[in-house]
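Asks: Take this structure, written in structure tokens, and hold onto it; I'll ask about it next.
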Ligand SMILES: CC(C)(COP(=O)(O)OP(=O)(O)OC[C@H]1O[C@@H](n2cnc3c(N)ncnc32)[C@H](O)[C@@H]1OP(=O)(O)O)[C@@H](O)C(=O)NCCC(=O)NCCS
């Protein structure tokens, strides 16, 4: 397998980063997604808070998402080929060259090891260099300092705040809208 970059391997699109490999999501990933997306420690940080997700629903979601040729969803694997999460560029607006970044590592023991930063950096590189995007945006909850740190490190800027938008563990929290432009990425 080549060392780095984007390529096809056994008919599967693969993108290699420094610490992770991204590959297309497949139906056999469904069980892991169900486990992760039913874990409150994971889904508390996600926009689509998917409690009570079933294997049937998840399989249907993967099948539908495989038909969508515009949005890009990749399984995150460690360099040892362990599937630990997902990263995506979704809601792609072709005219405006814009997409929304989504990411989660479902295997919590892999948090704080630099893998999320590398996965997000790797898909941004793909988005800006291959898809020729102009802008990538996302929303992040104020109670998610880990994700905020990753996005800031990669060059995302806060462009707006939804004040006290989310109720979480007895408190209202701000939600930040963040984005990065292609020239900022290249810079
Ligand atoms: C967010 C996520 C993708 C980040 O990936 P990761 O591999 O854990 O992150 P990294 O290790 O690359 O970087 C995390 C940084 O945050 C820091 N951090 C962790 N907890 C922190 C806290 N409570 N306050 C401040 N910084 C914190 C880490 O020390 C690390 O910084 P460092 O590299 O300078 O030491 C991953 O943790 C995850 O999937 N979380 C659950 C779902 C989620 O939050 N998704 C994002 C929704 S917007």
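Numbering (our numbering), first residue to last: 6 to 192.
The C-beta atom is built at its ideal place from N, Cα and C for all residues, glycine as well.
#1: For my contact list, residue 141 and residue 108 are in at a C-beta cut-off of 8 Å; report their separation, rounded to the angstrom.
#2: Can you tell me whether residue 76 is helix, strand or coil according to DSSP?
#3: Please classify residue 153: does DSSP put it in a helix, a strand, or coil?
#4: Within 7 Å: the Cβ of residue 47 and any heavy atom of ligand 1?
#5: Is the distance from the Cβ of residue 79 to the Cβ of residue 30 below 8 Å?
#6: Thinking just about the alpha-carbon of each residue, which of 174, 89 and 144 is nearest to the one in residue 164?
#7: When the Cα atoms are used, what is the spatial distance from residue 43 to residue 172?
#8: Going by beta-carbon coordinates alone, are residue 159 and residue 129 separated by less than 8 Å?
#9: Assess, as a yes-or-no matter, whether the region 112 to 125 is touched by the region 81 to 97 under the definition of 3 or more beta carbon pairs within less than 8 Å.
#10: What first and last residue would you give for the beta strand (DSSP E) that runs through residue 146?
#11: Along the chain, where does the beta strand (DSSP E) containing residue 26 start, and where does it finish?
#12: Residues in the same chain with beta-carbon distance under 6 Å from residue 63, minus the five sequence neighbours each way, listed in chain order, please.
Replies: Put simply:
#1: Not a contact, Cβ separation roughly 11 Å.
#2: coil
#3: helix
#4: yes
#5: yes
#6: 144
#7: 19 Å
#8: yes
#9: yes
#10: 140 to 146
#11: 25 to 29
#12: 35, 38 and 39
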